[in-house]
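**Q**
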Amino acid sequence: MKLVGAILYVEFSDLKAVGVSESYLTKVTSVARKDGASSWVNIPNPERKPGEGKVLIQYDTIPASTRAKLPAKNVLLQQLADDNQQQQREAQEQILRGLLPPASAEDLATLREYRITRESVDLGTGEALKNELSGLPDTKLRAAVLACRWLALMSSPRWKSKATRVKLNPDFAKLSDMQMACVAVYSADGVDLPTSYSKVQAKLREYEENGALAVVPRQFGNVNSRKIAEEQLETLIQLYSDARKPSFELVHRWYTEVVDKRRELGLELWPEVTVGTVKNNLMLPDVQPVWYLPRHGFKAWKERYEYTMLRHRPTFRDALWVVDGTKVNYYYRTAKGVAAKLQVIAVIDAHSDYWLGWEFCEQEDSDAVGRALRAALRTAGGVKPWQVQYDNDRSNLKFFANWAGLHFPAMPNNGQSKVIERALGALQQHVMRRHRSFTGQNITATSLAGKANPELLRELVKEGALMSLEETMREASLDFHAWNNMVSKKDGKTPKERYLASQHPETRSYFTEEDEMETFWKWNDQLITYRSDELRMVKSRISNHYEVVTELPGPVPGTMTKVPDLDFHMRNVGQRFWVKYDPEQAAPTRVALFLGEDKRFVAWADNKEAMPGALVDYQEGSRAAINARLAAKKEQRAQTAERLANITERLDAEELVKLGHEFVPKDALNAAQADLEAEDEVQVTINRRPERSNTLVLSPAMAAATETPDAIRQARWARMQQQAEDED
């Protein structure tokens, strides 16, 4: 709707709002009547908007039936007047905001040099002390600067000229009108300045006298009027430091009870204070750190107040690797329902933010740490990093006890000391949250943007769209790779490009087989005996056979053939060894043998190669391998015989050997010889049967058990004489 002269015109939009179609409006504004005029009087629309008609229609020429649907003419005129007034007001506000001068250098200097001070009394000497606390907070400084700009605008000498004001706006014939127009604008903007005319004039006079200090409240930072001495402040601090986190109102009540108790005891009277005074004193910058520690705990205090150093990144790759474990922020389905317990141990290069390796597990342990480090070493091409950083988790400490290299733990519960904490947070925020199963960031996240929508989880469960554990691990691995290939806004490179483009300035060492064995291999639970045929170790119900071998020149010049180490074999058959093996191999191809309680390394043992038993199974080289082992067996026997011959030859020359050695002791042989001679002297002949006697005659065996050898011989001799007499 528009007012052209004294005539009211309406737009297409006004009529379409009451149900008139645009096609009908186009028709009635273009079809001529008999008198040569169009059916609805209209004029061209000078400010046609997209979607509006090309003309404005005179309100009075619209048929009564259609006009009845529109508001009355006087209502439309009033609305149009209000709209015009609003437009004029907005234009006026825009003009006034455009006239705001920049803050003067004098005002800026005054506000920046302003210092909050607090006066206290030394309870020992009674001396008044004045402590300088801080400058204006940033928010207060910005608000004060804006207030000074408005005061500078309203107090500018140029507005004393009526002609200048009227030229700006005819409504500004009076200076007071312009100033109150400024009040309306800065009030709408939330500027902390008076709104009544009398107070505005007082503030302008104060600004002319004191400059920018006029916009800083007298009571701001001034605690003198609060009558709080150091002892009272310490009482408030103690009350507010309660770990149960009392409110300012509750601390005020407790403080009042202390004041009343002191009055009852006849002690020095303390002034009563308001809740606002309690709050203002406790929120002073130098007071907050004192109660923050006991009230919120060491971790919260450390994150807010503890001094931190500024450190730059390592200047080249593999200078520092950082290891850390964290939760995989995905929900997944299990046989028991929804879970989110998957953990990941990850390794990052601090120079490039490149994820080198990671390992998933449901519970962190030293084995998982080792698998993550081995994955990182493979990515780095076997390079041993100069330094490795980790936290004081038990699994890390257990693993790194065997690490051969420079490593150090980060400060416990101190995320700032590890670049990986920031990288993990960015990974969660920028990569993981793309997935519908995202659980939100870790429990310490305070922003709603870092938390999951619980309704989405219910939808996923209802749809059966949750991933399995295996799918979750694959998705999380994809996240690490996605990060490695995301372009950074800082340098336009991906972490992978930064890592591969970096060159280590020094010669780097590489992980050897011995390093891997010492760092990553595991011990067998029990001692294993090295037998004549093999060393047998059972893992995952699979028997693995090993032997210590040596390399000899092969049948083809320049080649080597592995054959059993005869020297080791002869020395250690029957020996019991501790065995260390590679846990990544289901059937390890090589193991390490250790001896004794202190586990001294002895030798490597390789898989024992089985020889074909039938000619049909022979392959190229089978005959040579068999011949080499047969020759080793012959050599073993020859070496044994030679050693024995050497021993015999050497000892035959010794006088002590010539003394002779017997299997039966000499005393036993002498006694046996005496017994034999005694038996030879007795001649036994039997001619007749002896008579019965009532006397008990002992058998030779019984006599031998109860009599001496001489008695036995005498008894035998008596029996032989008796037999001879009986025969006669």
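Each step along the sequence shown adds one to the number in full-length UniProt numbering, with nothing skipped, and position 49 is 49.
For each residue, glycine too, the CB sits at the ideal point set by N, CA and C.
How about Val369 and Leu356: are their beta carbons less than 8 Å apart?
**A** Cβ distance not < 8 Å, so Val369 and Leu356 don't count as in contact.
**Q** Where does Gly415 sit, in a helix, a strand or coil, going by DSSP?
**A** Here the model assigns Gly415 a pLDDT of 43, short of 50, so the residue's position is not dependable and the matter cannot be decided.
**Q** Gln201: which of Ser176, Asp189 and Tyr354 sits nearest, CA to CA?
**A** Considering only alpha carbons, the answer is Ser176.
**Q** By the 10 Å Cβ neighbour count, where 16 or more other Cβ atoms means buried, how is Tyr186 classified, buried or exposed?
**A** By the 10 Å Cβ count, Tyr186 comes out buried.
**Q** Mind reading off the beta-carbon distance from Met154 to Leu99? Whole number of angstroms is fine, and I expect it under 8 Å.
**A** About 10 Å separates the two Cβ atoms, so there is no contact after all.
**Q** Apart from the five residues just before and just after Ala476, which ones in its own chain have a Cβ nearer than 6 Å to its Cβ?
**A** Correct list, in chain order: Val328.
**Q** By DSSP, does Phe12 sit in helix, in strand, or in coil?
**A** Looking at Phe12 - three-state DSSP - the assignment turns out to be helix.
**Q** One question on the structure: do Leu96 and Ala144 come within less than 8 Å of each other, judged by their Cβ atoms?
**A** Against a cut-off of 8 Å, the Cβ pair of Ala144 and Leu96 comes out as no contact.
**Q** State yes or no: is the C-beta of Pro101 within less than 8 Å of the C-beta of Ala152?
**A** In this structure, Ala152 lies closer than 8 Å to Pro101 by Cβ.
**Q** Tell me, to the nearest whole angstrom, how far the beta carbon of Thr274 is from that of Ile228; I am working on the premise that it is less than 8 Å.
**A** Not a contact, Cβ separation roughly 11 Å.
**Q** Determine the burial state of Thr439: buried for a count of at least 16 other Cβ atoms within 10 Å of its Cβ, exposed for fewer.
**A** It counts as buried.
**Q** Secondary structure at Met473, three-state DSSP: helix, strand or coil?
**A** Of the three classes helix, strand and coil, the one that applies to Met473 here is helix, per DSSP.
**Q** Decide if residue 737 is buried, meaning its Cβ has at least 16 other Cβ atoms within 10 Å, or exposed.
**A** Because the chain spans 1 through 728 in this model, residue 737 falls outside it and cannot be assessed.
**Q** Tell me the DSSP bridge mates of Thr334?
**A** DSSP, once it has assigned bridges, lists Gly337 as partnering Thr334.
**Q** Does the contact criterion of 3 or more C-beta pairs under 8 Å hold for the region 348-367 versus the region 387-399?
**A** Enough Cβ pairs lie closer than 8 Å, so yes.
**Q** According to DSSP, what are the bridge partners of Trp578?
**A** Answer is Phe594.
**Q** List the DSSP bridge partners of Asp606.
**A** DSSP output for Asp606 lists Glu547 and Arg590 as bridge partner(s).
**Q** Taking the CB atoms as reference points, tell me whether Phe511 and Gly382 lie closer together than 8 Å.
**A** In contact: Phe511 and Gly382 (Cβ atoms closer than 8 Å).
**Q** Short check: CB of Trp386 to CB of Asp349, under 8 Å?
**A** For Trp386 and Asp349, no; Cβs fall outside 8 Å.
**Q** Can you tell me where the beta strand (DSSP E) with Val259 in it begins and where it stops?
**A** Note, Val259: premise wrong, no beta strand (DSSP E); alpha helix (DSSP H) at Phe248 to Leu265.
**Q** Can the beta-carbon of Pro9 be found less than 8 Å from the beta-carbon of Gln58?
**A** Per the sequence presented here, residue 9 reads as Tyr, with Pro not at that position. Against a cut-off of 8 Å, the Cβ pair of Gln58 and Tyr9 comes out as a contact.
**Q** Check Gln343 in the structure and name its three-state DSSP category.
**A** Strand, per DSSP.
**Q** For Pro553, which of helix, strand or coil comes out of DSSP?
**A** Reduced to three states, the DSSP call for Pro553 is strand.
**Q** What residues in its chain sit with their C-beta under 7 Å from that of Ser502, if we drop five residues either side in the sequence?
**A** The answer, listed in chain order, is Phe316, Arg317, His351 and Ser352.
**Q** What's the gap between the Cα of Ala586 and the Cα of Tyr499?
**A** Rounded to whole angstroms, Ala586 to Tyr499 spans 33 Å at the Cα level.
**Q** Tell me the rounded alpha-carbon separation between Phe408 and Thr308.
**A** Unreliable positioning characterises Phe408 in this predicted model, as indicated by a pLDDT of 49, which lies under 50. A coordinate reading is not provided.
**Q** Is the beta carbon of Ala372 sitting closer than 8 Å to the one on Glu359?
**A** In this structure, Glu359 lies closer than 8 Å to Ala372 by Cβ.
**Q** Just the Cα atoms here: how many angstroms apart are Leu108 and Ala212?
**A** Their backbone Cα atoms lie some 8 Å apart in a straight line.
**Q** Starting from Gly357, follow its DSSP beta bridges and name the residues at the other end.
**A** Beta-bridge pairing links Gly357 to Val347.
**Q** Using the C-alpha atoms, what's the distance from Ile345 back to Leu456?
**A** Taking the straight line from one Cα to the other gives about 28 Å.
**Q** At which residue ranges does the region 167-246 contain complete alpha helix (DSSP H) runs of 4 or more residues, listed in the order of the chain?
**A** Segments of the alpha helix (DSSP H) lying fully in the region 167-246: 175-188, 197-210 and 230-240.
**Q** Please list, in chain order, all residues of the same chain as Pro412 whose beta carbon is under 6 Å from its beta carbon, the five residues on each side excluded.
**A** Caution applies to Pro412, whose pLDDT of 41 falls short of 50 and renders its modelled position unreliable; the model cannot decide the point.
**Q** By the 10 Å Cβ neighbour count, where 16 or more other Cβ atoms means buried, how is Gly492 classified, buried or exposed?
**A** Result: exposed.
**Q** From Lys490 to Ala423, what distance separates their C-alpha atoms?
**A** Approximately 15 Å between the Cα atoms of the pair.
**Q** Enumerate in chain order the residues of its own chain whose CB-to-CB distance from Trp159 is below 7 Å, with the five nearest sequence positions on each side excluded.
**A** The answer, listed in chain order, is Arg165, Leu175 and Met178.
**Q** Which of the three DSSP states is assigned to Gln503 in this structure?
**A** Looking at Gln503 - three-state DSSP - the assignment turns out to be coil, as it is neither helix nor strand.
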